[in-house]
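Contents: one structure, followed by commentary.
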Amino acid sequence: MTASRRFTEVAAALAAGLFLVSWGVLHRGWYAEDEIVDIPVYAEYGNAIEGGGVPYRDFRPEYPPGALPAFVVPALLSDDEQGFRDVFEWLMAACGVACVLLVAVALAGL
């Protein structure tokens, strides 16, 4: 393994860790007070699809079709609003880490 590749891997791991720490901080203390969340709206969309509703025909989501899986997965994996929120937030954290790692892969290819 080259030193450059090793540096990229370590930097990516540190960046992913920093992202997760930042994510955690934003969900605690005064940051979490009075936060504006659309998660109940996402849960409504996810539950409608889970119940057999067809987006853009039976209900009108204000998001593009590519966003819908992010609403359906938490609806399928949870039974209540808090469960939906927990799954959705972890899914978004995983997407954030994936973005950090994809940037590292792209930079390593330069």
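In the working numbering, the protein residues as written are -1 to 108. Positions of the beta carbon are idealized from the N, C-alpha and C atoms, including for glycine.
Inter-residue spacing [alpha-carbon to alpha-carbon] between residue 103 and residue 96:
The sequence position of residue 103 within the sequence shown is 105, counting from 1. The sequence position of residue 96 within the sequence shown is 98, counting from 1. Near 10 angstroms, if we compare the C-alpha coordinates of residue 96 and residue 103.
Determine whether the beta carbon atoms of residue 73 and residue 44 lie at a separation below 8 angstroms.
Against the sequence shown, residue 73 aligns to sequence position 75. Against the sequence shown, residue 44 aligns to sequence position 46. In contact: residue 73 and residue 44 (Cβ atoms closer than 8 angstroms).
Does the distance from the CB of residue 68 to the CB of residue 18 come in under 8 angstroms?
By one-based count along the sequence shown, residue 68 stands at place 70. By one-based count along the sequence shown, residue 18 stands at place 20. Contact flag unset, no.
Hey, residue 79 and residue 46: beta-carbon distance below 8 angstroms or not?
Taking the sequence shown and counting its residues from 1, one reaches residue 79 at position 81. Taking the sequence shown and counting its residues from 1, one reaches residue 46 at position 48. No, they are not a contact pair.
Closest to residue 85 by CA distance: which of 60, 9, 59 and 71 is it?
The residue you call residue 85 lines up with position 87 of the sequence shown. Nearest option by C-alpha distance: 71.
For residue 21 and residue 7, the rounded distance between their alpha carbons:
If you number the sequence shown from 1, residue 7 lands on position 9. If you number the sequence shown from 1, residue 21 lands on position 23. Linking residue 7 to residue 21 through their CA atoms gives a straight-line distance of about 21 angstroms.
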